[in-house]
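Notes to accompany the following structure.
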Amino acid sequence: MKLRVITYNIHRAIGLDRRFQPERIVKILRDQDADIVLLQEVDDGAPRSKEQDMARELAAELGYPHYAAGHNVSLRKGRYGNATLSRHPIVRERNIDLTIGNLKRRGCQHTAIEIDQGGQSPYRLEVFNLHLGLASLERQRQAGLLLRSKEFTAVDQHSACIVGGDFNDWLSSLRALFVEGMALNCATDKEKRVRTRSLKTYPSFAPRGGLDRIYYRGKLHLVSAEVCRHP
0 MKLRVITYNI
10 HRAIGLDRRF
20 QPERIVKILR
30 DQDADIVLLQ
40 EVDDGAPRSK
50 EQDMARELAA
60 ELGYPHYAAG
70 HNVSLRKGRY
80 GNATLSRHPI
90 VRERNIDLTI
100 GNLKRRGCQH
110 TAIEIDQGGQ
120 SPYRLEVFNL
130 HLGLASLERQ
140 RQAGLLLRSK
150 EFTAVDQHSA
160 CIVGGDFNDW
170 LSSLRALFVE
180 GMALNCATDK
190 EKRVRTRSLK
200 TYPSFAPRGG
210 LDRIYYRGKL
220 HLVSAEVCRH
230 P
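The letter at position 139 of the sequence shown is residue 138 when you use numbering that gives the first Met the number 0, and the numbering goes up by one with no holes.
Right, dumping it as structure tokens:
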């Protein structure tokens, strides 16, 4: 059975024109038609996004019967964080705190999703949806927190598992930790003659860096990976 997975930092549905227009996010996600959607910077009850519960609103508008929100940052009014939308049942959810010291609060949302194979026995897919910090040392420590977390260590190495999101990793300095330390494969790598490069995703109008990535392991096999190009 094929699964389509997308990761997307929606920046609170506020575009480069500084306008809050969630309908643009809806159009992009509808065109991509993914089975599982990993979102970052998703507001809940914030005035800048008209106090919407954006995870709930997006799930309803796009027809996803299952969703989970992992809030990391509290605002004067409202909060925001990561959210996962799914066509398949989310049977467990938990938010992993990846905050380092007094730096901006960050987190990784862990969901266990039961994949229906249409007549065959369903299998459990462990999904980790993260948004790492802006500083290199901060990201390294956050990756270490995830690697040592009880949620990640409890996942058998042969079980189906995805780690995706906004890594903010311009120089791919975390790749070795995720590939070697966590025994993951990188779906968003492109093999070049000299070295491996990541699919470029940021900034959207002229991508130069591969900040958005998806890693996987276990009973999963990569068919293809691409960057969404949308007008």
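Don't be surprised by glycine CBs; every beta carbon is placed ideally from N, CA and C. All values derive from a computational prediction rather than experimental measurement.
Element boundaries [alpha helix (DSSP H), containing residue i]
i           : result
residue 25  : 21 to 31
residue 238 : Only positions 0 to 230 of the chain appear in the structure, and residue 238 is not among them; the question remains open.
Neighbourhood of residue i by C-beta, 6 Å cutoff - its chain only, sequence neighbours within 5 removed
i           : result
residue 15  : none
residue 211 : 6, 165 and 200
Segment limits, beta strand (DSSP E) that includes residue i
i           : result
residue 83  : 78 to 85
residue 124 : 122 to 130
residue 68  : 65 to 73
residue 38  : 35 to 43
residue 111 : 106 to 114
residue 91  : 89 to 96
residue 155 : Residue 155 -> no beta strand (DSSP E), and no H or E assigned at all.
DSSP beta-bridge partners of residue i
i           : result
residue 197 : 188
residue 55  : DSSP, once it has assigned bridges, lists no residue as partnering residue 55.
Proximity winner among the options, relative to residue i (alpha-carbon distances)
i           : options              : result
residue 256 : 139, 128 and 114     : Absent from the structure is residue 256, since the part of the chain shown begins at 0 and ends at 230.
residue 127 : 118, 117, 59 and 154 : 154
residue 9   : 197, 34, 42 and 135  : 42
residue 90  : 173, 31 and 122      : 122
residue 221 : 11, 63 and 187       : 187
residue 106 : 0, 95 and 168        : 95
residue 198 : 59, 223 and 102      : 223
Beta-carbon contacts of residue i that lie in its chain and below 8 Å, excluding the five residues immediately before and after
i           : result
residue 120 : none
residue 156 : 182, 216 and 217
Beta-carbon contacts of residue i that lie in its chain and below 7 Å, excluding the five residues immediately before and after
i          : result
residue 93 : 109 and 150
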